[in-house]
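Peer 1: So the protein sequences, as listed, match chains A and B.
The working numbering puts the first sequence at residues 1 to 298.
The working numbering puts the second sequence at residues 1 to 350.
Beta carbons are placed, not taken as given, at the ideal position from N, Cα and C, and that holds for glycine.
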Amino acid sequence: MSATAADRGHPESRPRASGLARRRGVSVVMVTLTCIAAAIAVVPLLVILAYLLRQGAGALSLDFFTSMPKPVGEEGGGMANAIVGTLMLLGIASAVGLPVGIGAGLYLAERRGTRLANLVRFLADVLNGLPSIVMGIFAWQFLVRPFGHFSALAGGAAIGAMMIPLVTRTTEEMVRTVPQSLREAALALGYPRWRTSLQIVLRTALGGIVTGVLVAVARVAGETAPLLFTAFGNSFWSTNLQQPIAALPLQIFTYAISPYDDWHAQAWAGALVLIALVLVISLIARFVTRARHGGGHD
Amino acid sequence: MKRPSPDVTATPPTSVAAAASPAPPPAIGASILSSTEPARHCPSIQGSVVADRIYRGAILFFALCVPVLLLLIFVEVGVAGWPALRQFGFGFLTSSTWDPVKENFGAAPAILGTLLTSIIALVIATPLALGGAIFLSEFSPSWLRQPVSFLIDLLAAVPSVVFGLWGVFFLVPLLRTGLMPFLRDTLHLGATPFFSGPAYGPSVLAAGLILAIMVLPYIAAVSREVLMAVPRSQREAALALGATRWEAITGAVLPYARTGIFGGIILGLGRALGETMAVTMVIGNRHELAASLFAPGYTMASLIANEFAEATTDIHLSALMAVGFVLFLITLIVNGIARLLVRRVGEVRV
C-alpha cells in the first residue's frame, strides 16, 4: 500500500511522462487528420464546379437560351424549350407542394405534441427520404397510366410531392420561432384564432418560410428521376400542360448518354445553366434570411 | 338600435397595432358592463368560430395529405408490382436471372448491387464527413467554420444528373486510366477477387465513389449539428481532468453525440440506396453481380430508370414496379430508423 502511495507521489516517473507525450502526439495527429478530412470534403465540389465551368462555358451562348435543340451534326442550337419547361414544371410543383406543405407545417406547429402531429412529422421525414425514382414510378402509375399519355401536369405533381416534406418541416420550425406572446397578444385583442395564425404568426414567420420554399424549389429543380416517366421530355416547343414537356435535367441526361460530341457540349452547357439556376435560388434564399434578420421594414 | 352585423372580414385590421388603436382604454370596462355590447359582438364571434373551424379543418386536411400520400405510394406501387411478386414469389429476391424475353425475373443482382454501392459509399464518406464535422465543430478557427460549412452544404445542392455528367466525363475516365490500374497493379490488389479484371471504367466502384461524394454532405451536416449541440461543459470537464484535445473528443463528446451521428450515417445510407441518375450513368448497367468492383453492375434504382420506358410486357413492367416496391420498403425502414435516432438526440438537447 505504501508502495502505491509512493508511486502516486512521483509526478515525474518515466512511464507517465512518455505517456503524456504520446497522448499529446496522438492528439496532434488526429486533429490534423480531421483538418485534412474537412479539406478533402470540400475538394469534390470545387473540382465539379471547375470542370463544369471549363466544359460548359464554351458551349454557352445567347443562342443556347433562345433557340431550339438542333439535330446531330448541325452547329449551335439551344435548350429554350427545356428552360421554359423546367420553369413551368416548377410552377406546377409549387402550386401542388406549397399549400399542402405550408398547411401541414401550420398544423404541426399548432397541434404540437398531439399523437397525429408526431405521426405526420415522422412520416414527412420518411417521405423526405423517399427515392426519387419511386416517386417517378408512382406518379406514372397514378397520373400517367390512367390517362394514357405523359404530361407536364404529372411531372409537376411528382416533383411538387417531393417539395411537401421540406416545406412542411421548415414552416413548422419557422412558426415555432414566433414568440407565444405575439399570438397571445393578438388573441387578447379579440383576433379570431385563424386570423391570428394567418395574419400574425404566419406573417411574422414569412421570411423563414420563403427561405424554406426557395430551398425546396432549388432542390426539385434538378430532379430528373421523377420526370423520366411523367414529363418525359420533348424535343419540340410545347407549353401544353396535357402534353409531354421538355425539362433541363432530362435534356442533360439524354444528351450525356448519347454518343455525339455536339450533344455532350450541349449537356455541359445545360448543366451549367441548371446549376446556376439552383445556386441563384439558394443565394436568394440566404439573402431573404439575412434581410429578415437584418431589419423590421414591416 | 341593432347595427348590421359587423362581419370580421369586412374591415380587416392589417396588424395588431391597427386592431388596437380604435379601441380606447375606457371602452374595455364599459363594454363588459354595457348590455348592448355582447349583442353587437355575437355575430362576429359566431362567424369567427365558424372560420376557426374551417381553418382547423383546412390545416388538418393538409397535414393528412402526408400520410395519405405515403399510403397511396405504398398501395399503387405495391399493387402494380404484385403480379410479379406473386408469380416469382420469394425467388424474386434471390434469383439472379433477369430475362425480359423469357419473362423470368429475379432482382438479386440489383438488390445486392444497391447494398454494395451504398456500403462502399458509406465506408468512404463516413470518415471524411465525420472528420470534417469534428474539425468544424471543435478545432476550426471561427472565420473558417462558416465558409467551409457552406461549401460542404452546397455539395448537397448539386443535382444528381450533374453528378452523373461529371462522373461520365471526369470520374470514369480517371478510374479507367488512373485509379483502377493503380489499385490493381501498383498496389497488387489484383490478386484479390475484388480488384481484378479489366478496367472498363463504368463499374460498381465508380458508382460507389460518386455516391460517397453525394452522401458526404448529408452525414457531415447531421454530425456537425449533433456535435455543436453537445454542451460545452462536457468538453470542459474532460479537459479539466487532464484529457488532451483529442481525448476530450473521443472520451466526452463523441459518446454524447453517438446516437445522432449514427442517425446521420443511416440517413446517408437512405440517400445512397435510392440515388438514381448519377448511379445509372456510371454503373455500367449489367445484370450480373461479379465479385470484382471493377465490373459493371446494377442497382435497383438504376434498373428501373433504365428499363422502365422500354418495358413492353405487363410482367416486365410489374417486375420493375416490384423492384420499386422493394426499394421503397428498404428506404422506408432505413429512414425510419435514422429519424428515430436523430429525433431522440434532438429531444435530449432541447
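Starting from the beta carbon of B/MET277, find every residue of chain A whose beta carbon is closer than 7 angstroms, and list them in chain order.
Peer 2: THR224, ALA225 and PHE253
Peer 1: By DSSP, does B/ALA27 sit in helix, in strand, or in coil?
Peer 2: Because the pLDDT of B/ALA27 is 43, which lies under 50, any placement of that residue in the model is unreliable, and the number read from its coordinates should be weighed accordingly. Looking at B/ALA27 - three-state DSSP - the assignment turns out to be helix.
Peer 1: Suppose the cutoff is 7 angstroms on Cβ atoms and the five residues either side in sequence are ignored; what does the same chain contact list for B/PHE105 look like?
Peer 2: Excluding sequence neighbours, B/PHE105 sits near ALA84, PHE88, PHE92, TRP98 and ALA319.
Peer 1: So, is A/SER197 buried or exposed, given that buried needs 16 or more other C-beta atoms within 10 angstroms?
Peer 2: buried
Peer 1: Roughly how far, in whole angstroms, is the beta-carbon of B/MET300 from the beta-carbon of B/ILE111, given that I think they are within contact range, below 8 angstroms?
Peer 2: 6 angstroms
Peer 1: Hey, does A/VAL83 have any beta-carbon neighbour from chain B nearer than 7 angstroms?
Peer 2: The sequence shown places Ile at residue 83 of chain A, rather than the Val named in the question. So, not an interface residue.
Peer 1: Please decide whether B/ILE266 counts as near chain A, where near means a Cβ-Cβ distance under 7 angstroms.
Peer 2: no
Peer 1: Return the first residue and the last residue of the alpha helix (DSSP H) that A/ARG183 is part of.
Peer 2: Unbroken alpha helix (DSSP H) run through A/ARG183: 180-188.
Peer 1: Could you give the first and the last residue of the continuous alpha helix (DSSP H) run that contains A/ASN240?
Peer 2: It is not in any alpha helix (DSSP H) - A/ASN240 carries neither H nor E in the DSSP assignment.
Peer 1: Should the region 233-250 of chain A be called in touch with the region 21-30 of chain A, which here means at least 3 C-beta pairs below 8 angstroms?
Peer 2: no
Peer 1: Name the residues in the region 138-172 of chain B whose C-beta lies less than 8 angstroms from a C-beta of chain A; which are they?
Peer 2: GLU138, PHE139, SER140, VAL148, LEU151, ILE152, LEU154, LEU155, ALA157, VAL158, PRO159, SER160, VAL161, VAL162, PHE163, GLY164, LEU165, TRP166, VAL168, PHE169 and PHE170
Peer 1: Tell me where the alpha helix (DSSP H) around B/ILE304 begins and ends.
Peer 2: 300-307
Peer 1: For a minimum of 4 consecutive residues, which ranges assigned as the alpha helix (DSSP H) are wholly contained in the region 239-284 of chain B?
Peer 2: Runs found: 245-248, 254-274 and 277-282.
Peer 1: Identify every residue that forms a DSSP beta bridge with B/TRP98.
Peer 2: B/PHE105
Peer 1: Tell me the DSSP secondary structure of B/GLY297 in three-state form.
Peer 2: In the structure shown, B/GLY297 sits in a strand (DSSP, three-state: E or B).
Peer 1: Is the Cβ of A/ALA21 closer than 7 angstroms to any Cβ of chain B?
Peer 2: no
Peer 1: Relative to chain B, which residues along the region 94-108 of chain A have a C-beta separation below 9 angstroms, given in chain order?
Peer 2: PRO99, VAL100, GLY101, ILE102, GLY103, ALA104, GLY105, LEU106, TYR107 and LEU108
Peer 1: When you compare each of B/LEU70, B/VAL79 and B/ALA63 to A/LEU98 by their alpha carbons, which one comes out closest?
Peer 2: The shortest Cα separation from A/LEU98 among B/LEU70, B/VAL79 and B/ALA63 belongs to B/ALA63.
Peer 1: CB B/ALA336 to CB A/VAL126, shorter than 7 angstroms?
Peer 2: For the sequence presented, residue 336 of chain B should be read as Gly rather than Ala. Yes.
Peer 1: Label A/GLU223 either buried or exposed according to how many other C-beta atoms from any shown protein chain fall within 10 Å of its C-beta, with 16 as the threshold for buried.
Peer 2: buried
Peer 1: Would you list, in sequence order, the uninterrupted alpha helix (DSSP H) runs of no fewer than 4 residues that lie entirely inside the region 152-229 of chain A?
Peer 2: Runs of the alpha helix (DSSP H) inside the region 152-229 of chain A: 152-177, 180-188 and 206-221.
Peer 1: Looking at chain A, is there any beta carbon in it that lies within less than 7 angstroms of the beta carbon of B/THR331?
Peer 2: yes
Peer 1: Which first and last residues belong to the alpha helix (DSSP H) in which B/GLN146 is found?
Peer 2: 142-157
Peer 1: Is there contact between the region 107-114 of chain A and the region 148-164 of chain A, where contact requires at least three CB pairs shorter than 8 angstroms?
Peer 2: no
Peer 1: Using a threshold of 7 angstroms, state whether the C-beta atoms of B/LEU273 and B/THR312 are closer than that.
Peer 2: no
Peer 1: Among residues of its own chain, excluding the 5 on either side of A/PHE64, which ones have a beta-carbon nearer than 7 angstroms to its beta-carbon?
Peer 2: GLY78, MET79 and ALA269
Peer 1: Using a 10 Å radius around the Cβ and a threshold of 16 neighbouring Cβ atoms, would you call A/ARG54 buried or exposed?
Peer 2: That one is exposed.
Peer 1: Return the CA-CA distance between A/ALA109 and A/LEU130, expressed in angstroms with no decimal places.
Peer 2: If I take the Cα positions, the gap works out to 23 angstroms.
Peer 1: Any C-beta of chain B within less than 9 angstroms: which residues of the region 195-218 of chain A qualify?
Peer 2: Taking 9 angstroms as the Cβ-Cβ cut-off against chain B, the residues of the region 195-218 of chain A that qualify are ARG195, SER197, LEU198, GLN199, ILE200, ARG203, VAL215 and ALA218.
Peer 1: Using 8 angstroms as the threshold, is the region 83-102 of chain A in touch with the region 180-192 of chain A, meaning 3 or more CB pairs across them?
Peer 2: no
Peer 1: Quick check on the DSSP output: the alpha helix (DSSP H) that includes A/PHE63 runs from which residue to which?
Peer 2: As written in the sequence, residue 63 of chain A is Asp, which differs from the Phe given in the question. First-last of the alpha helix (DSSP H) with A/ASP63: 62-66.
Peer 1: Can you tell which of B/LEU175, B/PRO100 and B/PHE169 has its C-alpha closest to the C-alpha of B/ALA199?
Peer 2: Comparing Cα-Cα distances from B/ALA199 to each of B/LEU175, B/PRO100 and B/PHE169, the minimum goes to B/LEU175.
Peer 1: For B/ALA212, which residues from the same chain have a beta carbon less than 6 angstroms from its beta carbon, with the 5 sequence-adjacent residues on both sides left out?
Peer 2: ALA121, ILE124 and ALA125
Peer 1: At a CB-CB cut-off below 7 angstroms, which residues of chain B make contact with A/VAL26?
Peer 2: TRP246
Peer 1: Taking A/SER61 as the reference, give the member of A/GLY76, A/ILE48 and A/LEU49 with the closest Cα.
Peer 2: The option with the nearest alpha carbon to A/SER61 is A/GLY76.
Peer 1: Kindly indicate which residue of B/LEU183, B/TYR256 and B/GLY167 has the alpha-carbon position closest to the one of B/VAL342.
Peer 2: B/TYR256
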